[in-house]
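Those letters in the sequence shown? Residues 1 to 264, per the UniProt record's numbering, in order.
The beta-carbon is built from N, C-alpha and C at its ideal position, and this holds for glycine as well.
Read through the structure below, which is laid out as structure tokens, and then see the notes.
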Amino acid sequence: MCGMLAKDFHKLMKSIASFSNNQANVPHYEENLDEFKVEIVPNDGLYYGGKFEFEVKIKDYPQKAPHVTCTTDIYHPNIDNGEICLNLFSEWAETNTLEDCVQGLLFLLYNPNLDDPLSPMFDPEDEDDLNLEVFAQNVRVSLEGGEVEGHAFERNIVDEDKVTGENSINCQVEERQEATNGEVELVDADNGALNEIQFVEENTTDSNAAEDDTTMELNTSATEATEDIADVPTKSEETTDFISGKVNPHRTEEEIVVMKEMEL
């Protein structure tokens, strides 16, 4: 059904930026539309700042689900050697569209399922592998190009501004400490040892307070990052509901009948 494929692909190209909140795009596609690539750069959640490429191969669409693989090396419980575990594809129906595919991939990145892992890096009987905080830390290590579970990942951060929040806080603390050290030296030269001791005591108190504030900020950031795993962009919430059968598919049964008649 080339007509339906062309129609759905054209619709995808027009709407992908808006429904994905500029997180997804199609950088390449074959002329006959039987294969195309999708790039996703999450702007939130545990995988924010990374760039992930997926290859979509079409055959017997829309009767059969597109075959989607992840071509980016990723630390994810539901992706193994590029193969993806997502209910949308295993429970595919003719009413599904290419837009659903992209929304499903967004859903996958924002909602990794630790309870039913596909990747051998995750052991469902290992409490550490099911620990959300440990998982969040490992995701960040993998994106930074570190080693997780004996596997060395390539650095995968395309938007440095997204990951410098914690670093900037540390830099501010260091700058304040350096500035404090400089002021102490000036006091020593101008006002004598007694004033230096008083100044050090005052700044020690201020420094401790600043460190406490910074610790609270970092803890808050870590908590928010952990909570982000359950957050899905507004449009992707529709995919969540769709997968669970709470809303109607994007294409109606009547539309399928009309498209089939047009093909005859």
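How is residue i classed by DSSP in three states: helix, strand or coil?
i	result
Cys70	strand
Ile157	coil
Gln23	coil
Met4	helix
Asn138	helix
Glu91	coil
Ser236	With a pLDDT of only 42 at Ser236, under the threshold of 50, the placement of this residue in the model should not be trusted; the figure read from the coordinates follows. Of the three classes helix, strand and coil, the one that applies to Ser236 here is helix, per DSSP.
Asp60	coil
Met13	helix
Ser119	coil
Mind checking whether residue i and residue j have CB atoms under 8 Å apart?
i	j	result
Asn156	Leu143	yes
Asp80	Leu118	yes
Ile58	Leu106	no
Lys51	Trp92	no
Phe89	Val68	yes
Val134	Val141	no
Glu154	Gly145	yes
Ala152	Leu46	no
Glu83	Thr71	no
Throw me the rounded Cβ distance for the residue i and residue j pair, which I believe falls under 8 Å.
i	j	result
Leu114	Phe122	7 Å
Val38	Val56	6 Å
Val102	Ser18	Not a contact, Cβ separation roughly 12 Å.
Lys11	Glu99	7 Å
His76	Pro120	The pair is not a contact, with the Cβ atoms about 12 Å apart (cut-off 8 Å).
Asn96	Pro62	6 Å
According to DSSP, what are the bridge partners of residue i?
i	result
Lys37	His28, Glu55
Val148	His151
Glu83	Thr69, Asp80
Please confirm whether any heavy atom of the ligand ADP lies closer than 7 Å to the CB of residue i.
i	result
Leu118	Ligands in the displayed structure: none, and consequently the ligand ADP is not present.
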